[in-house]
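This report concerns only the one structure given below.
Residue numbers (this note's numbering): 1105 to 1388.
This is how it looks when you write it as structure tokens:
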């Protein structure tokens, strides 16, 4: 009899513990991709949507592929993440291209661009242009340009204007920027948990949160002239949205949220497009 009474007494406690754990796991809401296929009622102009049976693309599989001139009409239940990955675009790019402010709320009937503001399609490759017949070139002389070919023009990049960039933290660069590679749109700088992460230039915080998958605890600062800087994988964020910051001011503590080790993921963007930070940071 005593054993039966003890069993009945312990049963409610066993049921309460899982309920408490479930309550703890719902204390924070982060926007993750939905498992549903694109709505068949979604309407895209100027460029077709991928088939509903196609597996959604994640930001670690490909770089953003703009669809110049195309827009998408938001349907009920859509998120920035869902629209972006369905169209081969990273969520951060899509939000920046459409000036969608944190916490990245969109509404049914709203149209979003699938390309950067003022974006234009790149010129067709030379093979796509019908070339006019050209006369057979004359035999070059020893003094012709074949002996001293003219070097191709150097690649250009946006100028920083009056911005003075500085390194956002101390540590070793373990991954550098590589154009066209989605997992290398900035620098990965390793360090120790809790070490200071600082603003790379004067500006104002436009995002401080963990709503973009893959970046962990993320801070985005807007600078003058169309420039942005992003700081990901932080352990602790120390600034809030709308706050003005100065170059060198501590804004976070280094961590490993959404990363395999303690590190800072740092990006510099111009008009929403990532650029190589090492072109603007002081030489080490």
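Just so it is clear, CB atoms sit at the ideal spot from N, CA and C, and this is done for glycine as well.
Can residue 1303 and residue 1353 be called in contact, C-beta distance under 8 Å? Yes.
Provide the residue span of the alpha helix (DSSP H) that contains residue 1196, from first to last. 1195-1201 is the extent of the alpha helix (DSSP H) around residue 1196.
Give me the residue from 1388, 1272, 1211 and 1296 with the minimum Cα distance to residue 1370. Nearest to residue 1370 by C-alpha distance, out of 1388, 1272, 1211 and 1296, is 1272.
With DSSP run on the structure shown, which of helix, strand or coil describes residue 1161? Caution is warranted here: a pLDDT of 36 is assigned to residue 1161, below 50, making its placement in the model unreliable, and no coordinate value can be reported.
Can you list, in chain order, the residues of its chain whose CB lies under 6 Å from that of residue 1350, leaving out five sequence neighbours each side? Within the same chain, residue 1350 has close Cβ partners 1306.
Could you tell me the alpha carbon to alpha carbon distance between residue 1285 and residue 1213, rounded to whole angstroms? A straight line joining the alpha-carbon of residue 1285 with that of residue 1213 spans about 33 Å.
What beta strand (DSSP E) runs, 3 residues minimum, are completely inside the region 1301-1347? Complete beta strand (DSSP E) runs here, min 3: 1307-1313, 1321-1326 and 1331-1341.
Member of 1387, 1314 and 1281 whose CA lies at the smallest distance from the CA of residue 1378: For residue 1378, the nearest C-alpha among the options comes from 1281.
Indicate the three-state DSSP secondary structure (helix, strand or coil) for residue 1370 in the structure shown. In the structure shown, residue 1370 sits in a strand (DSSP, three-state: E or B).
Report the rounded CA-to-CA distance for residue 1294 versus residue 1176, giving the unit in angstroms. Here the alpha carbon of residue 1294 sits roughly 39 Å from the alpha carbon of residue 1176.
Pick out whichever of 1169, 1261 and 1360 has its Cα sitting closest to the Cα of residue 1319. Relative to residue 1319, the option among 1169, 1261 and 1360 whose CA is nearest is 1360.
Cβ-heavy atom distance between residue 1215 and the ligand NAP below 7 Å? The ligand NAP is not part of this structure, which contains no ligands at all.
Quick one: using the 10 Å Cβ neighbour count with 16 as the cut-off for buried, is residue 1261 buried or exposed? Counting of Cβ neighbours within 10 angstroms places residue 1261 among the exposed residues, the total staying below 16.
Quick one: measure Cβ to Cβ for residue 1322 and residue 1334, integer angstroms, because I've assumed they're closer than 8 Å. A Cβ-Cβ separation of about 7 Å places residue 1322 in contact with residue 1334 under the 8 Å criterion.
With a threshold of 6 Å on Cβ separation, who are the neighbours of residue 1300 within its own chain once the five nearest residues in sequence on each side are excluded? Shown here for residue 1300: same chain residues with a beta carbon closer than 6 Å to its own, the five before and five after excluded, namely 1354 in chain order.
On the CB-based measure, 16 or more other CB atoms within 10 Å of its CB, does residue 1292 come out buried or exposed? Buried, by the Cβ-count rule.
Determine the extent of the beta strand (DSSP E) in which residue 1361 is found, giving its start and end residues. Counted as a single uninterrupted DSSP element, the stretch harbouring residue 1361 is not any beta strand (DSSP E), since DSSP gives it neither H nor E.
Residue 1176, enclosing beta strand (DSSP E) - first and last residue: Per DSSP, residue 1176 belongs to the beta strand (DSSP E) from 1175-1177.
On the criterion of 16 or more Cβ atoms from any shown chain inside 10 Å, does residue 1283 qualify as buried, or is it exposed? Taking every protein chain shown into account, the CB of residue 1283 has fewer than 16 other CB atoms within 10 angstroms, so this residue is exposed.
Using alpha carbons as the reference points, say which of 1341, 1277 and 1345 lies closest to residue 1310. Closest by alpha carbon: 1345.
Less than 8 Å between the CB atoms is what I'm expecting for residue 1278 and residue 1331, so what's the real figure, rounded? Contact flag wrong, Cβ pair sits at about 24 Å.
Distance check for residue 1268 and residue 1387, CA to CA, integer angstroms please. So the alpha carbons of these two residues sit roughly 13 Å apart.
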